[in-house]
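Chemist:
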Ligand code: PRP
Ligand code: URA
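Numbering (the UniProt record's numbering), first residue to last: 1 to 208.
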């Protein structure tokens with residue numbers, strides 16, 4: 001199932017708080033970070049472990065550690081930056097790749113304006129972060145860029161997904177799993193998710 005709706009009560013509660021129309025920039029940022037942490041927790045649940053022996057206070061002790069994972073977090077500019085620190089709180093050694101895409105307000109197509117990827121993408125797990133999966137054009141374009149550079153394990157974390165975007169993502173990239181904190185009703189005529197969060201980038205950056 002490529003799109004996984006995270007049903008954890010903390011996630012559902014926090015998404016509800018994010019929907020308040022008069023939410024402050026500070027509160028929106030804080031909740032976005034908290035939801036990102038919880039999504040990162042869910043999206044990494046299948047990472048394999050290996051045993052290593054460490055010097056514990058009581059002597060040599062076998063402990064678990066995550067086996068050989070190289071991770072890059074990939075925020076889609078701008079709004080994806082709002083989720084970046086939350087994911088890094090959970091995976092502090094991850095490297096960061098950045099993709100700049102802005103939706104054309106008329107066509108709803110993503111317009112590419114920046115990219116900077118870390119090396120060895122063919123060996124890495126990529127965790128793409130973007131609060132909104134609307135038409136999924138931005139997500140599909142980002143996955144295309146990663147696959148063209150050889151990345152094979154690509155996962156996406158979003159806060160709110162529209163059914164239209166889920167269908168498009170599953171069709172374009174059936175191998176990519178996407179964890180979402182909420183699946184909403186539909187897109188309106190302007191391509192905004194209903195009920196949604198409004199313009200997530202504006203709310204994170206305080207630009208409206
Ligand atoms: C928003 C959002 C996603 C995209 C989702 O970004 O953060 O990147 O739209 O829409 P889609 O699924 O139809 O592509 P936007 O382009 O508004 O830019 P911003 O992050 O700079 O606000
Ligand atoms: N981008 C947003 O920020 N919100 C939406 O509802 C759709 C795209």
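The C-beta atom is built at its ideal place from N, Cα and C for all residues, glycine as well.
1) Where does the unbroken beta strand (DSSP E) through residue 156 begin, and where does it stop?
2) Across the stretch 3-11 and the stretch 26-43, are there enough close Cβ pairs to call them in contact, namely three or more that are closer than 8 Å?
3) Could you give the C-beta distance for residue 187 and residue 135, rounded to a whole number, given that I count them as a contact under 8 Å?
4) Out of curiosity, what's the CA-to-CA distance linking residue 57 and residue 192?
5) At a threshold of 7 Å, does residue 68 count as lining the ligand PRP (C-beta to nearest heavy atom)?
6) May I ask you to report which of helix, strand or coil DSSP gives residue 35?
7) So residue 4 and residue 178 are in contact, right, with Cβ under 8 Å, and what is the actual spacing, rounded?
8) Report the residue from 110, 20, 69, 34 whose alpha carbon sits nearest the alpha carbon of residue 123.
9) Give the list of continuous beta strand (DSSP E) stretches no shorter than 3 residues that lie fully inside the stretch 96-129.
10) Cβ of residue 67 within 8 Å of Cβ of residue 92?
11) When you measure from the CB of residue 172 to every non-hydrogen atom of the ligand PRP, does any distance come out below 7 Å?
12) Just to confirm my understanding: we take residue 185, look at its own chain, exclude 5 residues before and 5 after, and list those with CB closer than 6 Å. What are they?
13) Any residue with its C-beta under 7 Å from a non-hydrogen atom of the ligand PRP counts. Can you list them all in chain order?
14) Just how far apart, CA to CA, sit residue 75 and residue 22?
15) Could you check where the beta strand (DSSP E) with residue 5 kicks off and where it finishes?
16) For residue 117, count neighbouring Cβ atoms within 10 angstroms of its own Cβ and tell me buried if that reaches 16, exposed if not.
17) To the nearest angstrom, report how far apart residue 174 and residue 27 are at their CA atoms.
18) Between the Cα of residue 14 and the Cα atoms of 24, 30, 25, which residue gives the shortest distance?
Modeler: Inspection of the coordinates gives the following:
1) Walking along the chain shown from the start, residue 156 turns up at place 156. From DSSP, the beta strand (DSSP E) with residue 156 extends over 153-161.
2) yes
3) Within the chain shown, the letter at position 187 stands for residue 187. Within the chain shown, the letter at position 135 stands for residue 135. With 8 Å as the limit, residue 187 and residue 135 qualify as a contact, their Cβ atoms being about 7 Å apart.
4) The count along the chain shown starts at 1 and reaches residue 57 at position 57. The count along the chain shown starts at 1 and reaches residue 192 at position 192. Residue 57 and residue 192: Cα-Cα distance of roughly 55 Å.
5) As a first step, residue 68 must be located in the chain shown, where it is residue number 68. False, no ligand heavy atom lies under 7 Å from that Cβ.
6) Position 35 of the chain shown, counting from 1, holds the residue named residue 35. Here residue 35 sits in helix by DSSP.
7) Within the chain shown, residue 4 is the residue found at index 4, counting from 1. Within the chain shown, residue 178 is the residue found at index 178, counting from 1. About 7 Å separates the two Cβ atoms, so the contact holds.
8) Numbered from 1 along the chain shown, position 123 holds the residue referred to as residue 123. Ranking the options by Cα distance to residue 123, first place goes to 69.
9) 98-103, 110-116, 124-129
10) Start at 1 with the first residue of the chain shown, and residue 67 comes out as number 67. Start at 1 with the first residue of the chain shown, and residue 92 comes out as number 92. Not a contact, by the Cβ cut-off of 8 Å.
11) Counting from one through the chain shown, the residue named residue 172 turns up at place 172. Outside the cutoff, so no.
12) As a first step, residue 185 must be located in the chain shown, where it is residue number 185. Same-chain partners within the cutoff: 194.
13) 76, 77, 78, 79, 80, 101, 102, 103, 108, 110, 130, 131, 132, 133, 134, 135, 136, 137, 138, 139, 165, 191, 199, 200, 201, 202
14) As a working note, residue 75 is residue 75 in the chain shown. As a working note, residue 22 is residue 22 in the chain shown. The alpha-carbon atoms of residue 75 and residue 22 are separated by roughly 26 Å.
15) Numbered from its first residue, the chain shown carries residue 5 at position 5. Segment 3-5, the beta strand (DSSP E) holding residue 5.
16) Residue numbering aside, residue 117 sits at position 117 when the chain shown is read from its first letter. It counts as buried.
17) For this step, residue 174 is matched to residue 174 along the chain shown. For this step, residue 27 is matched to residue 27 along the chain shown. Looking at the two C-alpha atoms, the distance is approximately 34 Å.
18) Taking the first residue of the chain shown as position 1, residue 14 is located at position 14. It is 30 whose Cα lies nearest to the Cα of residue 14.
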